[in-house]
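First up is the structure itself, then whatever we jot down about it.
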Amino acid sequence: MPLTATDANTPVIMVLEDDPEIARLICMSLGEYGFRCEHVSTGQQLLARARRSAPDLCIVDLGLPDMDGMQVVRELQDGSPCAVLILTGRNDVTDRVLGLELGADDYIVKPFEPRELVARVRSILRRYQRAAAPETPTERTIARFADWTFDASRHALSAPDGREISLSAAEASLLATLLRRPNKILSREQLLGERDVDPFDRSIDVRISRLRRKLDDDPHNPRLIKTVYGAGYLFSAQVAWS
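Per UniProt numbering, the sequence shown starts with residue 1, numbered consecutively.
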């Protein structure tokens, strides 16, 4: 069925869930708030669909019949980078941290409250929209700092020697947020988006660690992304946008 103009501007959410009842609940809950959902039940189906056209966000169940959900997250970020929300019945912190290490944006544990799921999806999408959009109509989206170049519109990071560094969609969003407010302390709440942060939520810390590695920033003595204990993180460099 061809898309209307309204449909074309509506975020596309891919739901990877092998339990039809849970999938129906997710799609119904998101549909009530204006999201367009497509449901698939296997990891291979999702990856094939994402290769044709990357969705705005994927909700990925970790317990799948055909492949490990973590592998799906890894292949998504390698081939069709997009926002990812992990849906898991595994109440294991190690699994959640691994998912974030692979590039997922957030996670939610079954059983979940539908309103919380919608709130997480909205928060992730808002974060991406803010990171990619210029702050003013005339502002460009290319940032230069410490001999590095970052194109926020393409999520492309180039090293001083010209190498292009692969970023997950989550890492690119976080880097754009830091670069738009250099030399200012940003709390974990500001970096995560518009939701309360559990004191034990380590998702931003995991992403900061990944960004430091990709920016060749010594984690023991970082020169670019500095930790301000008890307050948050600070991007310590001059940034020129063009």
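Glycine included, C-beta positions come from ideal geometry on N, C-alpha and C.
Query raised in the report: Just curious, the beta strand (DSSP E) that R36 is in, first and last residue?
Result: Per DSSP, R36 belongs to the beta strand (DSSP E) from 36-40.
Report task. Below 8 angstroms on the Cβ atoms is my guess for L85 versus D61; work out the distance and round it to an integer in Å. Result -> With a contact defined as Cβ atoms closer than 8 angstroms, L85 and D61 miss out at about 10 angstroms.
Query raised in the report: Where does G34 land, buried or exposed, given buried means 16+ other C-beta within 10 angstroms?
Result: Residue environment for G34: exposed (fewer than 16 other C-beta atoms within 10 angstroms of its C-beta).
Report task. Go through the segment 72-109 residue by residue and report every complete run of the alpha helix (DSSP H) that reaches 4 residues or more, in order. Result -> Annotation note: the segment 72-109 contains the following uninterrupted alpha helix (DSSP H) runs of length 4 or greater, listed N- to C-terminal: 93-101.
**Report entry** Inter-stretch contact (C-beta, 8 angstroms, three-pair minimum) for the segment 103-119 and the segment 140-157
**Finding:** In the pairwise beta carbon analysis, the segment 103-119 is classified as not touching the segment 140-157: fewer than three pairs are separated by under 8 angstroms.
Query raised in the report: Say the cut is 6 angstroms; is the CB of L178 nearer than that to a heavy atom of the ligand ZN?
Result: Only the bare structure without any ligand can be found here, which leaves the ligand ZN out of the picture.
Query raised in the report: DSSP state of K214, grouped into three classes?
Result: K214 falls in the helix class under three-state DSSP.
Query raised in the report: Between the Cα of F235 and the Cα atoms of P160, L179, N221, D92, which residue gives the shortest distance?
Result: The shortest C-alpha separation from F235 is found at L179.
Query - Whether G31 touches M67 by CB criterion (7 angstroms) - result: Not in contact: G31 and M67 (Cβ atoms no closer than 7 angstroms).
Query raised in the report: Can the beta-carbon of C58 be found less than 7 angstroms from the beta-carbon of M14?
Result: The answer is yes: Cβ separation under 7 angstroms.
Query - Distance, C82 Cα to S53 Cα - result: Each residue's CA atom was taken as its position, placing S53 and C82 some 10 angstroms apart.
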